[in-house]
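K.L.:
So that we are looking at the same thing, I have put the structure below in C-alpha cells.
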Amino acid sequence: MSLKTEFNSFFDLVRKRRSCRNYSEAPVPDALIRNCLEAARLAPSACNKQPWRFIVVKDCELRRKLCSDGLLPGISMPWAQKAPVIVVLCAETSILTHTIAPMISKVQYHLIDIGIAGEHFVLAAEAQGLGTCWIGWFNEKQVRKILTLPRSLQILSLISLGHPASPMEPPEEGKRMKLEEISRII
Numbered sequence: 183m184s185l186k187t188e189f190n191s192f193f194d195l196v197r198k199r200r201s202c203r204n205y206s207e208a209p210v211p212d213a214l215i216r217n218c219l220e221a222a223r224l225a226p227s228a229c230n231k232q233p234w235r236f237i238v239v240k241d242c243e244l245r246r247k248l249c250s251d252g253l254l255p256g257i258s259m260p261w262a263q264k265a266p267v268i269v270v271l272c273a274e275t276s277i278l279t280h281t282i283a284p285m286i287s288k289v290q291y292h293l294i295d296i297g298i299a300g301e302h303f304v305l306a307a308e309a310q311g312l313g314t315c316w317i318g319w320f321n322e323k324q325v326r327k328i329l330t331l332p333r334s335l336q337i338l339s340l341i342s343l344g345h346p347a348s349p350m351e352p353p354e355e356g357k358r359m360k361l362e363e364i365s366r367i368i
C-alpha cells in the first residue's frame with residue numbers, strides 16, 4: 183500500500199468517526215475489545231511510562247450504576263446505559279514522572295497520555311465498525327466506589343462502546359471550524 187493510500191485510509195477513518203449515542207443490543211466480542219485495548223497500549227507516553235489503565239465494564243448492573251449513580255448530579259444519559267460496554271480510563275498517578283512533572287514544567291503529562299491512548303482506542307473501535315462516545319460528566323468519587331478502584335488511579339473519562347443501532351451520519355462540514363481558524367504555520 184502506498185503512503186498516499188495509507189494516509190487516505192487514515193483520514194477517511196478520522197473523518198467518519200462520530201460520537202455514538204444510539205447502540206444496538208448486540209454484544210461486543212471480547213476480541214474486538216482487545217483490539218481496541220491493544221491500539222491504546224501502543225500509544226506514546228511521556229518517558230514511555232504508559233500510565234493508562236482501562237477498566238472494561240460489561241456487567242449489566244455495574245454499567246447501569248456507572249451511567250446513573252456515576253454521573254454528575256442533574257446529568258442523564260439513558261443512551262449510555264444501553265451501550266453493552268463502558269470503558270473507564272484511568273491514570274496510574276503513583277508513577278514518579280507524573281508526580282514530579284507538574285512541579286517542574288506545570289504540565290500534567292498523564293492527562294495528555296490518557297487522551298492519546300483513549301483516541302487510539304476510539305479510532306480502533308471505529309475501524310472495526312463499533313461506535314463510541316467519550317463521557318466526561320461523571321462523578322469520580324461515585325465511579326471509584328462502584329468499581330472499588332484504588333486511590334492511586336485517577337479516573338479521567340468513560341467511553342461507551344457498542345454496535346451503532348443505525349448508520350452514523352458524517353458531520354456537517356459547516357459545523358467544524360476552518361483550518362485557518364485553528365492553525366497557523368510560521
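Mind the numbering: the sequence shown is residues 183 to 368 in the numbering used here, read in order. Glycine residues also receive a C-beta, built at the ideal position from the N, C-alpha and C atoms.
#1: Within the same chain, show all residues whose beta-carbon is closer than 7 Å to that of Gly-318, passing over the 5 residues directly before and after it, in chain order.
#2: Are the Cβ atoms of Pro-352 and Tyr-205 separated by less than 8 Å?
#3: At which residues does the alpha helix (DSSP H) containing Phe-236 begin and terminate?
#4: Which residues mark the beginning and the end of the beta strand (DSSP E) in which Ala-273 is found?
#5: To the nearest angstrom, how far is it from the Cα of Ile-268 to the Cα of Ser-342?
#6: Within the 8 Å Cβ cut-off, does Ile-337 reach chain B?
#7: How big is the Cα-Cα spacing for Phe-193 and Met-259?
#8: Which residue comes first and which comes last in the alpha helix (DSSP H) that contains Trp-261?
#9: Would a C-beta distance cut-off of 8 Å place Phe-320 and Leu-224 closer than the cut-off?
#10: Since Ile-328 and Lys-247 should fall inside the 8 Å C-beta cutoff, what is the C-beta to C-beta distance between them, to a whole number of angstroms?
#11: Whole-angstrom Cβ separation of Ile-337 and Glu-322, contact assumed at under 8 Å?
#12: What are the partner residues of Trp-316, as DSSP defines its beta bridges?
#13: Would you kindly work out how many angstroms separate the C-alpha atoms of Gly-344 and Cys-242, rounded to a whole number?
#14: Could you tell me the distance, in whole angstroms, from the CA atom of Ala-307 to the CA atom of Gly-356?
#15: Rounded to whole angstroms, what is the Cα-Cα separation between Val-304 and Cys-218?
#16: Does Ile-294 pass the burial test, meaning 16 or more other C-beta atoms within 10 Å, or should it be called exposed?
#17: Roughly how many angstroms separate the alpha carbons of Val-210 and Gly-300, rounded to a whole number?
#18: Within 10 Å of its beta-carbon, does Pro-233 have 16 or more other beta-carbons around it, so buried, or fewer, so exposed?
#19: Identify every residue that forms a DSSP beta bridge with Tyr-205.
P.N.:
Quick look at the numbers:
#1: Your numbering for residue 318 matches position 136 in the sequence shown. So the qualifying residues of the chain are Ser-339.
#2: Position 170 of the sequence shown, counted from the first residue, corresponds to residue 352. Position 23 of the sequence shown, counted from the first residue, corresponds to residue 205. Contact flag unset, no.
#3: For the purposes of this step, residue 236 is identified with residue 54 of the sequence shown, where counting begins at 1. It is not in any alpha helix (DSSP H) - Phe-236 instead sits in the beta strand (DSSP E) that spans 234-239.
#4: Your numbering for residue 273 matches position 91 in the sequence shown. From DSSP, the beta strand (DSSP E) with Ala-273 extends over 267-274.
#5: Your numbering for residue 268 matches position 86 in the sequence shown. Your numbering for residue 342 matches position 160 in the sequence shown. Approximately 5 Å, taken between the alpha carbons.
#6: Here chain B cannot be found, since the structure has a single protein chain.
#7: For the purposes of this step, residue 193 is identified with residue 11 of the sequence shown, where counting begins at 1. For the purposes of this step, residue 259 is identified with residue 77 of the sequence shown, where counting begins at 1. Their Cα atoms are separated by approximately 30 Å.
#8: Looking up residue 261 in the sequence shown gives position 79. Residues 260-263.
#9: Along the sequence shown, one-based indexing puts residue 320 at 138. Along the sequence shown, one-based indexing puts residue 224 at 42. No. Outside cutoff.
#10: Reading the sequence shown from its first residue, position 146 is the one you call residue 328. Reading the sequence shown from its first residue, position 65 is the one you call residue 247. Rounded, the Cβ-Cβ distance is 5 Å, consistent with contact.
#11: Against the sequence shown, residue 337 aligns to sequence position 155. Against the sequence shown, residue 322 aligns to sequence position 140. 5 Å between Cβ atoms; contact.
#12: In the sequence shown, counting from the first residue as 1, residue 316 sits at position 134. Looking at the DSSP assignment, Trp-316 forms a beta bridge with Ile-341.
#13: Stepping through the sequence shown from its first residue, residue 344 is reached at position 162. Stepping through the sequence shown from its first residue, residue 242 is reached at position 60. Roughly 13 Å between the two C-alpha positions.
#14: Working through the sequence shown from its first residue, we reach residue 307 at position 125. Working through the sequence shown from its first residue, we reach residue 356 at position 174. Their Cα atoms are separated by approximately 26 Å.
#15: As a first step, residue 304 must be located in the sequence shown, where it is residue number 122. As a first step, residue 218 must be located in the sequence shown, where it is residue number 36. For Val-304 and Cys-218, the distance between alpha carbons rounds to 7 Å.
#16: Indexing the sequence shown from 1 puts residue 294 at position 112. Exposed is the call here.
#17: Within the sequence shown, residue 210 is the residue found at index 28, counting from 1. Within the sequence shown, residue 300 is the residue found at index 118, counting from 1. Spanning the two alpha carbons is a distance of roughly 18 Å.
#18: On the sequence shown, residue 233 is found 51 positions in, with the first residue counted as 1. Burial call: buried.
#19: Locating residue 205 in the sequence shown gives position 23, where the first residue counts as 1. BP columns for Tyr-205 point to Pro-346.
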